[in-house]
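Residue numbers (full-length UniProt numbering), protein chains in the order written: chain Y, 1 to 173; chain X, 1 to 173. Built from N, CA and C at the ideal position, the CB exists for glycine as well.
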DNA sequence: TCCCCCAAGTTGTACTATGCAACCAGGAGA
DNA sequence: TCTCCTGGTTGCATAGTACAACTTGGGGGA
């Protein structure tokens, strides 16, 4: 981090002597992506009262998969099965999901969103989307599309090139 | 760009009849920023065993500020002073920072990086920068600069937008 | 068929990060 | 001086997580 940032988000750039414009852009990208991640992480605790961080993700996965087992969730998000088990228990207590015994294999509990769960998930999703819309309000459409394209390109690369130290990084999600 | 499938499969894209291309771009941006945040969070612990994401951030702030108080850190990162106090204690135990009593005001402990701290921070920063360089390798310079600009613009907006409990928070994933 | 082993989930335990509240110590003003 | 404010620490509670031991159900081979 080579940057000072005021509470207003103003950024002071310092360009080293031998640096090319491209290097400088890379650094800015790194810094700003990190800022975003930190901010996101920092506000994780002030999540929707009903829906913790992981809970939201799990609900989203249930919505899109149309129901799956706890083991599937654990594998998909690289979480321990005990962690998922407790999360699932909490979500069930909150009436956001329900369990149905798989008739084929009685060891398996297939998890499904309840109506309430679907509604809460939609609410939270909508409120996230609203926040993004506000922040991106007034951007020219061309900029929005290029920004989206860049992010896709970046993430596609990141998926294949995890931060180095260990190979397990590939299990990120 | 309406179809973006990260390996995580977080969000189902539903493009309603009345939705513009700009709306679609906003959704893609939201999804991809979230993917990035999750990946960053998940891999944070792997970048350097010695340095958690928060620790890394705090060290970085000390480096760029040239020394500041624990209260400054807490305010800047919206952390509780007790949290910072404990983080600082750990960093001091690890010999990465040192405290110097402010001669002007004996209540204040000005925190400074030690040589070791500076070295470790540089190492981690370099390894992160390398990862970013790899992911951005081959991008045309114009794209890099636009991407950097967009991120700056986005984060500036995010910094100003009121943090509503169920908006920004939900962003994390 | 019966037994053994594997897979899905649950529960006990421990550890980390965190916030809040109570507290301590140094400063500043009435 | 006395009171109040500020920087910091510590006690306590909670969330989220992993690991290991355990429970229950399935399936394959002798």
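Nearest neighbour of residue i, chosen from the options [CA to CA]
| i | options | result |
| --- | --- | --- |
| residue 125 of chain Y | Y:138, Y:60, Y:23 | Y:60 |
| residue 95 of chain X | X:131, X:128, X:52, X:117 | X:117 |
| residue 143 of chain X | Y:129, Y:68, Y:151 | Y:151 |
| residue 128 of chain Y | X:101, X:31, X:55, X:22 | X:31 |
| residue 58 of chain Y | Y:90, Y:103, Y:105 | Y:90 |
| residue 62 of chain X | X:113, X:104, X:99 | X:113 |
| residue 115 of chain Y | Y:92, Y:23, Y:54, Y:68 | Y:92 |
| residue 100 of chain Y | Y:56, Y:35, Y:67, Y:123 | Y:67 |
| residue 56 of chain X | Y:72, Y:140, Y:52, Y:34 | Y:34 |
| residue 131 of chain Y | X:64, X:131, X:155, X:83 | X:155 |
| residue 51 of chain Y | Y:122, Y:137, Y:138, Y:139 | Y:122 |
Cβ of residue i within 9 Å of any chain Y Cβ
| i | result |
| --- | --- |
| residue 122 of chain X | no |
| residue 30 of chain X | yes |
| residue 85 of chain X | no |
| residue 90 of chain X | no |
Beta-carbon proximity check, residue i vs residue j, cutoff 9 Å
| i | j | result |
| --- | --- | --- |
| residue 70 of chain Y | residue 88 of chain Y | yes |
| residue 148 of chain Y | residue 29 of chain X | yes |
| residue 97 of chain X | residue 111 of chain X | yes |
| residue 146 of chain X | residue 157 of chain Y | no |
| residue 153 of chain Y | residue 26 of chain X | no |
| residue 108 of chain X | residue 77 of chain X | no |
| residue 22 of chain X | residue 37 of chain Y | no |
| residue 64 of chain Y | residue 20 of chain X | no |
Under 7 Å by beta carbon: chain Y residues contacting residue i
| i | result |
| --- | --- |
| residue 143 of chain X | 150 |
| residue 100 of chain X | Those within 7 Å of residue 100 of chain X in chain Y number zero; the least Cβ separation is about 21 Å. |
Residue(s) in a DSSP beta bridge with residue i
| i | result |
| --- | --- |
| residue 120 of chain X | Partner(s): none; residue 120 of chain X has no beta bridge. |
| residue 110 of chain Y | Y:69, Y:100 |
Contact set between residue i and chain X, taken where Cβ atoms lie within less than 7 Å
| i | result |
| --- | --- |
| residue 26 of chain Y | 132, 133, 136, 144 |
| residue 21 of chain Y | 141, 145 |
Minimum Cβ-Cβ distance from residue i to chain X less than 9 Å
| i | result |
| --- | --- |
| residue 116 of chain Y | no |
Chain X residues whose Cβ lies nearer than 9 Å to that of residue i
| i | result |
| --- | --- |
| residue 35 of chain Y | 151, 155, 158, 159 |
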